[in-house]
Each structure stands twice: as structure tokens, then as C-alpha cells.
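These notes concern the structure reproduced below.
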Amino acid sequence: MMAAWRLRQCARAAAGLLPAMLLANSVDANDIQATVRDATGQPLADAVVYAEPARGGGAVKSRKEALIEQIDKTYVPYVTAVQTGTFVNFPNRDSVRHHVYSFSPAKTFEIKLFSGVPAAPVQFDKAGEVVIGCNIHDQMIAHILVVDTPHFAKTGKDGVAKFDGLSAGDYTLRAWHPTAAPASEKVALTAKGHATQFRLAPRTQAAPRK
Ligand SMILES: [Cu+2]
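Residue numbering for the sequence shown follows the numbering used here, starting at 333 and increasing by one per position.
The following block contains the structure:
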């Protein structure tokens, strides 16, 4: 207990040394902004950055349903991040039928050959990576990262993910991408916010297949 307490105090002290750097990045109070790059330093789009409170649980869950559409035999979007418990539906906008499925341990399911909007969305109730495939079109792949926190965002083409509304306190900040090895850092978040960068190495182990 005492060791953990001291560690937090040190982390807070260290964070206090960097206000100029944080302000330079225009981070508002209790915001987190992370730039994610690949091993060569290029900005990485479709990465998910999320903050897990050290004290865990108790967070309000968003009940907003997410959509992964099928357009021109492509899943849109390619990467989706959702909080545990979120429902996702898979509207088919094509004139051909699709057969959505996943064998991933975090969610195994299938929606057999269908047109239009499936009658029921699928609930993702377990944190982890879910790879979505189509039984008819092998090239169709989508990724869902299910996270046990309401604090997450996906990077754009500039590699930047940003989210706000966090309480001050200790977090583990994680960065994830389908083709990269995940990374994390401990953050003692203050009213000054937190700006950081991740450089992700390629995955040494293939991402779990659909
Ligand atoms: Cu298909």
C-alpha cells in the first residue's frame, strides 16, 4: 500500500515538471491527447487510445448503438471501439448478401446470409479484440476493440486521438492497432491534462484471425 502511494506521489511530482510541454499542445483540463505512430514514425490511423481508471469500474456506460456497415463489399468503418455492453448492428447496404461472423474469444457470433438491416444488434459484453469476417467475401475484415472504460478515441489520419471529461486520478493509458503491438503508460492525470505519444512496433504475433 505504502509503496503504491509513494509511486503515485512521484508520478504526480513528475507530471508537475511538464506544464509548459502540456500547454504547448493545447490540452484542456483533464483531456488526454495521444499521437500514435508506427515503427517508422508515420502517423497511424485507426488506432484506439483508451484510459482505464486505476480504481476500475463504476463508469457510466454509453448505450449508444454502433454501426458497422457493409458498403461495396467492405466493412465501414474498418476499426470500431466500443465500451463493454455496447450493441453493434451490421447494416448491409449492398445488393449482395453478406454473412457476418467472428470466431474471436471476446465474441463468437454469426449473422447468417442476410440483406438489409439485421433484426437484432449484437452485444459486445466482454473486453478484448474481435475480428469480423464475411463467410462469402474473404477480403472483408473489420476489427472491434471492446474496452472496459468510457474513455477512448480512435486516431484519424494525423495519428491523433483525443478525449475529455476525465476525473483527475491515476489511469493506464493504452494504444491499440490491428497490425501493431499494443503499448501502455501510467498517467497521473491532473487538471492540466495529458499529452503523449506512442510509437507502436509491428505485431510479432499475428492478430487473431476472424
Ligand atoms: Cu460479404
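All residues carry an ideal CB built from backbone N, CA and C; glycine is no exception.
For residue 451, which residues from the same chain have a beta carbon less than 6 angstroms from its beta carbon, with the 5 sequence-adjacent residues on both sides left out?
none
Using CA atoms only, rank isn't needed, just tell me which of 526, 519, 396, 503 is closest to residue 455.
396
Residue 440 versus residue 434: straight-line alpha-carbon distance, rounded:
Residue 440 and residue 434: Cα-Cα distance of roughly 5 angstroms.
With 8 angstroms set as the bound, which would you pick, yes or no: does the beta-carbon of residue 414 sit closer than that to a beta-carbon of chain C?
You won't find chain C in this structure, because it holds only one protein chain.
Can you tell me whether residue 445 is buried or exposed? The criterion is at least 16 other CB atoms within 10 Å of its CB, across all chains shown.
exposed
Compare the Cα-Cα distances from residue 477 to each of 527, 509, 401, 373 and report the closest residue.
509
Given a cut-off of 8 angstroms, decide if residue 382 and residue 484 are closer than it, judged by their beta-carbon atoms.
yes
In the structure shown, what three-state DSSP assignment does residue 471 receive?
coil
Can you tell me whether residue 428 is buried or exposed? The criterion is at least 16 other CB atoms within 10 Å of its CB, across all chains shown.
exposed
Please name the residue or residues paired with residue 460 in a DSSP beta bridge.
478
Look up residue 425 in the DSSP assignment and say whether it is helix, strand or coil.
coil
Give the single residue among 514, 480, 411 whose Cα lies nearest to the Cα of residue 378.
411
Same chain only: Cβ atoms within 6 angstroms of residue 419, ignoring 5 sequence neighbours per side:
397, 453, 455
Please tell me whether, using a cut-off of 7 angstroms, the distance from the CB of residue 400 to the nearest non-hydrogen atom of ligand 1 is below it.
With a cutoff of 7 angstroms, residue 400 does not count as near ligand 1, since its C-beta is closer than that to no heavy atom of the ligand.
How would you call residue 535, buried or exposed, if buried means at least 16 neighbouring beta carbons within 10 angstroms?
exposed
From the DSSP secondary-structure annotation, give me the bridge partner or partners of residue 526.
364
Please tell me whether, using a cut-off of 7 angstroms, the distance from the CB of residue 443 to the nearest non-hydrogen atom of ligand 1 is below it.
no
Leaving out five residues before and five after residue 407 in sequence, what residues of the same chain have Cβ atoms less than 6 angstroms from its Cβ?
Contacts found: 400, 472, 474.
Is residue 468 near ligand 1, going by C-beta to nearest heavy atom under 7 angstroms?
yes
Compute every distance between the C-beta of residue 489 and the non-hydrogen atoms of ligand 1, then say whether any falls below 7 angstroms.
no
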